[in-house]
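In the working numbering, the protein residues as written are 3 to 747. Glycine residues also receive a C-beta, built at the ideal position from the N, C-alpha and C atoms. One structure is given here, and the rest of the page talks about it.
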Ligand code: MOS
C-alpha cells in the first residue's frame with residue numbers, strides 16, 4: 003500500500019535476507035563453530051534428585067577415562083566472586099540471579115548441573131560424564147503444580163513495589179462480574195512448554211588473559227550477558243566480550259544466563275584453555291527455561307445485549323525455589339475490552355524445578371488463552387457471533403489508564419481476517435458443519451503486546467570504498483534484523499542496500515538492549531535512522547556552502563556522491579568529502595531514545611488469528627486446515643521477513659494448542675518428555691497454509707519509523723483461536739492445553 007511518491011523506497015519491500023546465503027550454505031558461524039587453538043570440550047552431569055544435598059561424588063573413573071582433562075564440581079570449582087553476594091536464604095532473588103552452579107552441595111531441581119567433565123573431544127567428555135557417580139541426602143520435593151497451587155504467593159517484586167504490574171488490581175468494583183445478568187466462571191490450565199529452537203544452547207568460553215574473558219554464546223542479549231558475567235567475575239565490563247553473530251532461533255530462552263554458561267567459564271578458567279559446551283537436546287528440557295505451567299480462573303459477566311460488566315482474572319504460574327520468575331499474564335485483560343469492572347490477581351508458585359523463562363508472547367500468550375477462550379464462551383452463552391461480541395466491547399481508549407491509543411487498527415484486522423478465513427461459513431450452533439468423518443469449525447483469538455521502544459545506540463561509518471557500515475549491539479535470533487536495518491539505512495541515506503552492511507551480535511558495538519519483547523525494530527531501527535541522519539549531517543558540513551541549508555531528507559548518498567534529491571546538480575563526490583575529513587572514515591555514533599509519549603499515549607501492537615479446524619468424529623484427531631493471522635504492527639519494514647514471523651508464531655501457537663506440553667514424573671521430579679519424539683513440536687504436516695495480512699499503517703508516536711513490533715503478537719491469541727474453533731466444530735470446550743485427541747473422545 004505504498005503511494006506513488008514512495009515507490010523507490012526500500013522500506014516495505016520483500017527484500018531477501020542479507021545473510022540468507024550465509025545461512026543456507028553453512029558459512030554463517032554459530033556460537034559452537036568457532037575454532038580456537040587448544041579448544042577442549044565439556045559435558046555436563048545432572049543431578050538425579052530434585053531436592054537435597056550431594057553427600058559424595060566419585061569422579062575417579064571419569065578422571066581416568068581417555069582424554070579427560072578435568073572433572074569440575076562444587077568441591078574443586080574456582081569460586082565465582084559474584085556468587086557470594088547472591089546468597090540470601092530468606093528471600094528468593096528475582097529473575098536475573100540464576101542458580102549458582104558448582105557453588106555448594108545443594109540441589110534445587112532434577113538434572114541440575116553437578117559436574118562438568120572436560121576432555122579433548124566431545125565424545126570423550128560425554129563418555130566420561132556417564133562415569134561420574136553422586137550420592138545424595140534427598141529431601142522431600144514439591145514438583146506437582148496441581149497439588150500445590152494453593153501455595154501461590156505474590157511476587158517479592160510486587161510486595162516491594164506497590165505500583166508493580168503484578169500487584170492486585172481492581173478497576174471499578176472488585177469481582178464486579180458477579181452482579182451481571184449473564185455469568186461465566188471457568189478454569190484454564192496449560193502445562194509447561196519447553197524451548198526447542200533448532201540451535202542447541204551453546205557457548206565457547208575463553209579467558210584471553212586472567213582478567214579478560216571472551217564468550218561465543220547463544221544469547222539474545224550481548225550487552226546484558228556482558229554485564230552479567232562482568233559482575234560475576236568482578237571485572238570491568240569492557241574486559242568481557244560477548245559474540246553472538248548468528249543465533250539459530252531463540253524464543254526467549256536466550257534472554258537469561260543459565261548455569262551451563264557459567265560452568266563453561268569456570269572450566270576455561272580452571273584449565274586456562276577455551277572450553278566449548280553444547281547442551282544435549284535432553285538438557286534443553288531442564289537447563290534453559292520454559293513457559294511455566296499456569297492455572298487461571300476467569301469470572302466474566304455481561305448484559306444480555308452483550309456488554310461486558312466485569313472480568314475477574316486470577317492466575318498462578320510456577321517458578322523455581324531459588325529465583326522468582328514473573329510475566330504479564332493478566333495485562334491483556336486490563337486493556338482489551340471496555341469492561342467497567344476488572345479484577346486481576348497474579349501469584350507465583352515456587353517448586354523444586356528449574357527457573358522458567360519468557361517464551362514467545364510470554365505471559366500474554368498464556369493470559370490470552372484464558373481471556374479469549376472466555377470471550378468465546380460468553381459469546382456462546384449470549385448467542386452472539388464472537389466477533390460481534392468483541393466489537394460490542396471494543397474500546398478506543400485504554401480502559402486501564404484512560405489514555406488514547408497511539409494507534410489501534412484492530413477493527414481493520416478483524417475485517418481482513420474474517421474475509422480471508424471465510425468467517426461467514428461459521429455456524430452459530432456447534433457441531434453443525436461436517437465434511438465426511440470430520441467436524442469443521444471456526445474460531446478466533448485476539449492478541450496484544452506493548453510497543454515498548456527502548457534506548458539504543460548505533461554507529462554509522464562511511465568507508466573509503468563508498469560503502470556504509472552500521473553497528474549496534476543487538477542480535478538477530480531469526481526475524482531478519484540485519485536485513486531490515488539495511489532497508490532502514492538505505493532509505494535514510496538514499497543509497498542502494500548493496501552498499502550498506504549492518505553488523506550486530508558483538509558487545510563491543512554501541513549498546514543496545516536484548517532482542518526481546520518485540521522491540522528491536524522500534525528501538526534499534528530508530529538508532530540506525532538517527533545514525534544515518536547524523537552521518538549525512540557530517541557530510542553536509544564537509545560539503546560546505548552549497549549544502550548548508552539543505553534539509554536532511556533532501557540529502558542522498560547515491561552514486562558515490564552527496565547530492566540534493568531536489569536538485570541533482572548540487573553534488574560532491576564522497577571521495578572528496580573524505581579528503582576534507584583528512585582522509586579519515588566519516589564515523590558517527592548516536593543514541594536514540596523515546597520521548598515522553600508514554601505519558602500521553604497507550605502503545606500496543608494488535609493481532610487477531612482465525613483458525614479453521616477439522617476434528618475427526620471417531621478419533622478426536624484435530625487438523626488445523628487453515629489459519630489467517632492479521633496484525634496491526636505499524637509500518638511493515640519487510641513484508642517477507644515480517645510475514646515469516648507471523649507464520650512462525652502461528653505454528654508455535656498450533657504447538658501450544660495441540661501438541662506441546664511437558665509431562666513430569668513427580669516421584670522423581672523429572673520430566674519424562676525429554677526429546678522431540680516424546681515432546682511434540684508441530685512439523686510441516688501439522689501446519690496448514692497460513693495466510694498473513696498486515697494493516698501496515700505507521701504509528702509515528704511509537705517511533706520515527708512508525709513500527710510497533712511483531713514477534714510476540716504472532717503467537718498471542720493463536721491457541722484460543724484453535725480451542726474456540728474446536729468448540730465450534732464439536733461443542734466440546736477444552737480448557738486444558740494441549741488439546742490432545744483423548745480430551746475430545
Ligand atoms: Mo521474546 S519471549 O521477548 O524472545
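Residues of its chain near residue 330, where Cβ-Cβ distance is below 7 angstroms and the 5 sequence neighbours each way are ignored: 167, 365 and 366
Range of the contiguous beta strand (DSSP E) that encloses residue 371: Element bounds for residue 371: not the beta strand (DSSP E) but the alpha helix (DSSP H), 366-384.
CA-to-CA distance, residue 233 to residue 281, given in whole angstroms: 24 angstroms
Supposed close pair residue 151, residue 332 - CB separation, criterion 8 angstroms: Not really, about 16 angstroms apart at Cβ, beyond 8 angstroms.
For residue 619, the nearest candidate out of 680, 437 and 112 (CA to CA): 437
C-alpha distance - residue 397 paired with residue 316, whole-angstrom precision: 23 angstroms
Unbroken beta strand (DSSP E) run spanning residue 485, endpoints: Run containing residue 485: none in the beta strand (DSSP E); it sits in the alpha helix (DSSP H), 483-495.
Spatial distance of residue 573 from residue 540 (CA atoms): 15 angstroms
Nearest-angstrom Cβ-Cβ length linking residue 310 and residue 341, presumed shorter than 8 angstroms: 4 angstroms
Euclidean distance between Cα positions of residue 17 and residue 693: 19 angstroms
Closer than 7 angstroms: residue 519 CB and nearest the ligand MOS heavy atom: yes
Bridge partner(s) assigned by DSSP for residue 14: 640
Cβ-based burial, residue 639 [other Cβ within 10 Å; buried from 16]: buried
Heavy atom of the ligand MOS within 7 angstroms of residue 482 beta-carbon: no
As assigned by DSSP and simplified to three states, the class of residue 129: helix
Beta-carbon gap between residue 654 and residue 192 smaller than 8 angstroms: no
For residue 179 and residue 343, believed in contact at Cβ under 8 angstroms, the rounded distance: 6 angstroms
Backbone CA spacing between residue 208 and residue 37 [nearest angstrom]: 11 angstroms
Ranges of the beta strand (DSSP E) found wholly within the stretch 185-238, counting only runs of at least 3: 204-211 and 214-219
Three-pair Cβ contact test at 8 angstroms for the stretch 502-511 versus the stretch 437-451: no
Check: residue 506 C-beta below 7 angstroms from any heavy atom of the ligand MOS: no
Separation of residue 595 from residue 9, as counted between CA atoms: Confidence in residue 9 is poor, its pLDDT being 39 and thus under 50, which makes the residue's placement unreliable; the coordinate value appears in the next sentence. Their backbone Cα atoms lie some 29 angstroms apart in a straight line.
Length of the line joining the Cα atoms of residue 218 and residue 240: 15 angstroms
CB-CB length for residue 673 against residue 324, believed under 8 angstroms: About 18 angstroms separates the two Cβ atoms, so there is no contact after all.
Sufficient close CB pairs (3 or more, under 8 angstroms) joining the stretch 476-487 to the stretch 16-33: yes
Other residues of its chain near residue 454: CB distance less than 6 angstroms, five sequence neighbours each side excluded: 519 and 521
Local conformation of residue 745 per DSSP, three classes: helix
Backbone CA spacing between residue 55 and residue 116 [nearest angstrom]: 11 angstroms
Check: residue 257 C-beta below 7 angstroms from any heavy atom of the ligand MOS: yes
Extent of the continuous beta strand (DSSP E) run through residue 447: 440-452
Heavy atom of the ligand MOS within 7 angstroms of residue 253 beta-carbon: yes
Rounded distance between the beta-carbons of residue 450 and residue 715, thought under 8 angstroms: 7 angstroms
Close Cβ partners of residue 605 (< 6 angstroms) along its chain, the five nearest in sequence each way excluded: 408, 453 and 704
Close Cβ partners of residue 139 (< 7 angstroms) along its chain, the five nearest in sequence each way excluded: 54, 55 and 57
The stretch 157-175 in contact with the stretch 274-294 per 3-pair CB rule at 8 angstroms: no
Residue interval of the beta strand (DSSP E) (run including residue 629): 624-634
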